[in-house]
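K.L.:
First, the structure itself, so that you have it in front of you.
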Amino acid sequence: KAGVTQTPRYLIKTRGQQVTLSCSPISGHRSVSWYQQTPGQGLQFLFEYFSETQRNKGNFPGRFSGRQFSNSRSEMNVSTLELGDSALYLCASSLETSYNEQFFGPGTRLTVL
Amino acid sequence: LAKTTQPISMDSYEGQEVNITCSHNNIATNDYITWYQQFPSQGPRFIIQGYKTKVTNEVASLFIPADRKSSTLSLPRVSLSDTAVYYCLVGAFRGSARQLTFGSGTQLTVLP
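Protein chains in written order, with our numbering: chain A, 127 to 239; chain B, 10 to 121.
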């Protein structure tokens, strides 16, 4: 089985722009979660999607949003980028819920200048 | 909301057993405790998950005391390739929403 894939792997944006990141889960996995990883804050939960619905959400501002498609692929969007949004964004998929074993993708490295 | 605390770093020698403890004082009664391993430039990888007492798989053991306010990941006979950052992950409900909280991570360095 192919693993979780994320595109793009690297991205450079400037403040005020918006960005969309994509995640393709493992085939058959219906839950997709997103995380932000930074040296200062570590790994932080953004949100979880299941059956095209946001099931859980972390403590991030409304600039961070996401969606899931009928094939379980997911996208996350960050609007009005700030310097502090520079981070590694990780996507993880699991069979039914993030309670299950999660399989992480390699991440998208976002740099905001 | 569960707050998790781990040691920042640990050193060990090849062949030794390593125990990494995570404290999660506010864990809810229905939370699982999950441990992940992360190498540089990679996403975390699942190691083990448990709810209470002891769980063992082919790579690690997880010990959870009765009060479930902490957990200990045990790696038997570590090798150089076990050098990585180890994270505990706990979920907790805020109202009807479940939030996941990672510990700050423990950098394990295995020395020859």
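We put the beta carbon where it would ideally sit given N, CA and C, even for glycine. Computed from a predicted model, the values in this text were never measured in an experiment.
According to a CB-to-CB cut-off of less than 9 Å, which residues of the stretch 45 to 63 of chain B neighbour chain A?
P.N.:
Against chain A - using a Cβ distance shorter than 9 Å - the residues of the stretch 45 to 63 of chain B are Y45, Q47, S50, Q51, G52, P53, R54, F55, Q58.
K.L.:
Which same chain residues, not among the five before or five after Q180 (chain A), have their C-beta less than 6 Å away from its C-beta?
P.N.:
The residues are F173.
K.L.:
In terms of DSSP beta bridges, what is D20 (chain B) paired with?
P.N.:
DSSP output for D20 (chain B) lists B:T118 as bridge partner(s).
K.L.:
Excluding sequence positions up to five away, which residues of its chain have a Cβ less than 7 Å from the Cβ of K127 (chain A)?
P.N.:
Contacts found: I152, S153.
K.L.:
Could you check if F48 (chain B) is buried or exposed, using at least 16 other CB atoms within 10 Å of its CB as the buried criterion?
P.N.:
Looking at its Cβ environment, which holds fewer than 16 other Cβ atoms inside 10 Å, F48 (chain B) is exposed.
K.L.:
So what's G9 (chain B) in DSSP terms, helix, strand or just coil?
P.N.:
Because chain B spans 10 through 121 in this model, residue 9 (chain B) falls outside it and cannot be assessed.
K.L.:
Relative to the C-alpha of N185 (chain A), which candidate in A:S212, A:P232, A:W160 has its C-alpha closest?
P.N.:
Nearest of A:S212, A:P232, A:W160 to N185 (chain A), Cα basis: A:W160.
K.L.:
Compile a chain-ordered list of the residues in the stretch 106 to 121 of chain B whose CB is closer than 9 Å to at least one CB of chain A.
P.N.:
The residues in question are A106, R107, Q108, L109, T110, F111, G112, S113, G114.
K.L.:
Do we get a CB-CB distance below 8 Å when we pair S224 (chain A) with the residues of chain B?
P.N.:
Judged by the 8 Å Cβ criterion, S224 (chain A) is in contact with chain B.
K.L.:
Among residues of its own chain, excluding the 5 on either side of N66 (chain B), which ones have a beta-carbon nearer than 7 Å to its beta-carbon?
P.N.:
Within the same chain, N66 (chain B) has close Cβ partners I57.
K.L.:
Reducing DSSP to helix, strand and coil, say where L89 (chain B) ends up.
P.N.:
Note: L89 (chain B) maps to helix in three-state DSSP.
K.L.:
Which residues in the same chain have their Cβ closer than 7 Å to the Cβ of S88 (chain B), if we skip the five residues on either side of it in sequence?
P.N.:
Cβ within range, chain order: E23, V119.
K.L.:
If distances are taken between C-alpha atoms only, which option among B:Y95, B:N35, B:Q25, B:L98 comes closest to K78 (chain B)?
P.N.:
The candidate whose alpha carbon is nearest that of K78 (chain B) is B:N35.
K.L.:
Taking just the CA atoms, how far does Q163 (chain A) sit from Q39 (chain B)?
P.N.:
It should be pointed out that residue 39 (chain B) corresponds to Asn in this sequence rather than to Gln. Distance between the alpha carbons of N39 (chain B) and Q163 (chain A) is about 26 Å.
K.L.:
What's the gap between the Cα of R86 (chain B) and the Cα of V68 (chain B)?
P.N.:
Rounded to whole angstroms, R86 (chain B) to V68 (chain B) spans 10 Å at the Cα level.
K.L.:
What is the DSSP secondary structure of L207 (chain A), reduced to helix, strand or coil?
P.N.:
Coil, per DSSP.
K.L.:
Here's a check: name, in chain order, each residue in its chain whose Cβ is nearer than 8 Å to the Cβ of E26 (chain B), leaving out the five neighbours to either side.
P.N.:
Contacts found: S83, L84, P85, R86, V87.
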